[in-house]
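Participant: Dropping the structure in here first, questions after.
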Amino acid sequence: MRIVRHAIVPLVVSAALVAGCTGGGSSSPVADTSPRLTLAPFGRTADNQVVDLITLRNARGLEMRVLTYGGVIMSLRTPDRNGQLGDIVLGFDTLEPYFDQSPYFGCLIGRYCNRIAKGLFTLDGTAYQLATNNDQNHLHGGTRGWDKAVWKAETFNQEIGSGVKLTHVSPDGDEGYPGTVTADVTYTLTDDNRLIIDYHATTDKPTIINLTQHSYFNLAGQGDILGHELMIDADRYTPVDPTLIPTGEIASVEGTPFDFRQPTAIGARIEQDNEQLKRGLGYDHNWVLNRTGDGLQPAARLVEPTTGRVLEVATTQPGLQFYSGNFLDGTLTGKGGQVYAHRSGLCLETQHFPDSPNHPDFPSTVLRPGEEYRSQTVFTFGVQK
């Protein structure tokens, strides 16, 4: 079953809500005289590296703030159906909590997102041992993955919008991975309310790679995400063992709590007596997207009924990890003093499947010299009246 595409009402923020905005209507961008792009120092790491904060704004009032530390999307402000701006991603007001408190809030994940069983994989007959930082498994690139790197930033303005290209070089042996990998990720905030994320990487030795963006969304800006309505364009998903590693089975969602082919409230079935839900303490699984080619295709649609905010996800990737914030427990205090309680944010991580190097039937994540890793994910923001 395919996702039925619904129209998104263009987001237009009134002049009273955006400084420097005048005129405009629902059919054209609001004129915005505020800077479209700014870059300023934000702090330093423990080893004295400067971390910059890049602010991107589009002509309709959307604003995104990005850190060069981990490529973190620190805030993302979009209007609701009444034009009221609100921050729809979880995070912190200052830099320091991202060093040692963050459960991957808003960051870029590399060299391999999600889990690899026991941190082990074999490539071209050579076995590699990675860090085991998630009980017995490897998670999100290891103890010092790319989320903890300071990326080099190159900002730009284009006709479609403004953005930043972030570059990171991961040396041979980094966290146990083979090959020196040069990666760049580009965020482009367009004037038609899209965030385009382009991923690119090359290597000098055979290696594995699986990149994603790990923002926690809450389209209401507060409370839990159980009332959000989610649709995922996937007939199948990959069940997991008790350590959240795929079993190798690709199972139908039919008749299970994992069937999001029609818009469904996240809280509708999350507490059902289901072994897979028990293992993930909720949703923390990979969906096998219904793809018909190699290009950008719809993956998911998220609606928050009380604010009307809509998030649509399209990707070139074969999988989508939906994580319902099960490990948030109220011990973290984020932006504006907000306590992040259980399931107060959700992640929609476009990706190749978890533990792919150990499952030959899964799409390959191997990258070789002379090849280029490329993928694209597009988040489109709107409102539903």
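Everything in the sequence shown is counted per the working numbering, starting at 10 for the first residue and increasing by one. Cβ atoms here follow ideal geometry from the backbone N, Cα and C, with glycine treated the same way.
1. Taking only three categories from DSSP, how would you classify Leu-94?
2. Residues in the same chain with beta-carbon distance under 7 Å from Thr-252, minus the five sequence neighbours each way, listed in chain order, please.
3. Spatial neighbours of Lys-127 within its chain, please: CB distance less than 8 Å, with the 5 preceding and 5 following residues excluded, ordered by chain position.
4. Where Asp-370 and Asp-244 are concerned, what is the direct C-alpha to C-alpha distance, given to the nearest angstrom?
5. For Asp-338, which residues of its own chain have a beta-carbon under 7 Å away from its beta-carbon, when the five flanking residues on both sides are left out?
6. Rounded to whole angstroms, what's the CA-CA distance from Gly-80 to Lys-157? Just pull it up for me.
7. Pick from Gln-271, Thr-176, Ile-275: whose alpha carbon is nearest that of Tyr-332?
8. Got a sec? Which residues, its chain only, sit under 8 Å from Thr-315 by beta carbon, not counting five neighbours each side?
9. By Cβ distance, which residues of its chain are closer than 6 Å to Gln-285, with the 5 residues on each side in sequence left out?
10. In whole angstroms, what separates the C-alpha of Ala-210 from that of Ser-384?
11. I'd like the span of the beta strand (DSSP E) that includes Phe-331, first residue to last.
12. Between which two residues does the beta strand (DSSP E) containing Gly-52 stretch?
13. With DSSP run on the structure shown, which of helix, strand or coil describes Glu-168?
14. Does DSSP put Leu-20 in a helix, a strand or coil?
15. Looking only at its own chain, which residues have a Cβ that is under 6 Å from the Cβ of Ser-365, when we skip the five neighbours before and after it?
16. State the CB to CB distance for the pair Leu-139 and Gly-151, rounded to an integer number of angstroms; the pair is presumed to be in contact (CB under 8 Å).
17. If the criterion is Cβ atoms closer than 8 Å, does the pair Leu-220 and Ile-118 meet it?
18. Inspect the beta-carbon positions of Leu-357 and Tyr-349 and report whether they are closer than 8 Å.
19. For Ala-126, which three-state DSSP category applies?
20. What number of angstroms, rounded off, separates the C-alpha of Gln-167 from the C-alpha of Glu-381?
21. Based on the DSSP secondary-structure assignment, which residues constitute the bridge partners of Phe-226?
22. What's the gap between the Cα of Leu-85 and the Cα of Ser-353?
23. From what residue to what residue does the alpha helix (DSSP H) around Glu-284 run?
24. Could you give the first and the last residue of the continuous beta strand (DSSP E) run that contains Tyr-137?
25. Who are the near neighbours of Thr-103 in its chain, counting only those whose CB is closer than 8 Å to its CB and skipping five residues on each side?
26. Quick one: residues in its chain with C-beta nearer than 6 Å to the C-beta of Gly-182, no 5 flanking neighbours on either side, listed in chain order?
27. Under the DSSP definition of a beta bridge, which residues are partnered with His-396?
28. So, with DSSP's three-state summary, where would you put Pro-369?
Facilitator: In this structure, then:
1. Under the three-state reduction of DSSP output, Leu-94 falls in the strand class.
2. Asp-144, Gln-145, Asn-146
3. Thr-141, Gln-145, Asn-146, His-147
4. C-alpha separation (whole angstroms): 18 Å.
5. His-351
6. 9 Å
7. Ile-275
8. Ala-229, Gly-236
9. Pro-248
10. 10 Å
11. 328-332
12. 46-53
13. Of the three classes helix, strand and coil, the one that applies to Glu-168 here is coil, per DSSP.
14. Its pLDDT being 42, under 50, Leu-20 is placed unreliably in this model, and the value from its coordinates should be taken loosely. Coil at Leu-20, not helix or strand.
15. Hits under 6 Å: Phe-371, Thr-374.
16. 6 Å
17. yes
18. no
19. helix
20. 24 Å
21. Val-98, Leu-355
22. Rounded to whole angstroms, Leu-85 to Ser-353 spans 16 Å at the Cα level.
23. 284-289
24. 135-138
25. Gly-52
26. none
27. This structure cannot speak to residue 396, because the chain is shown only from 10 to 394.
28. coil
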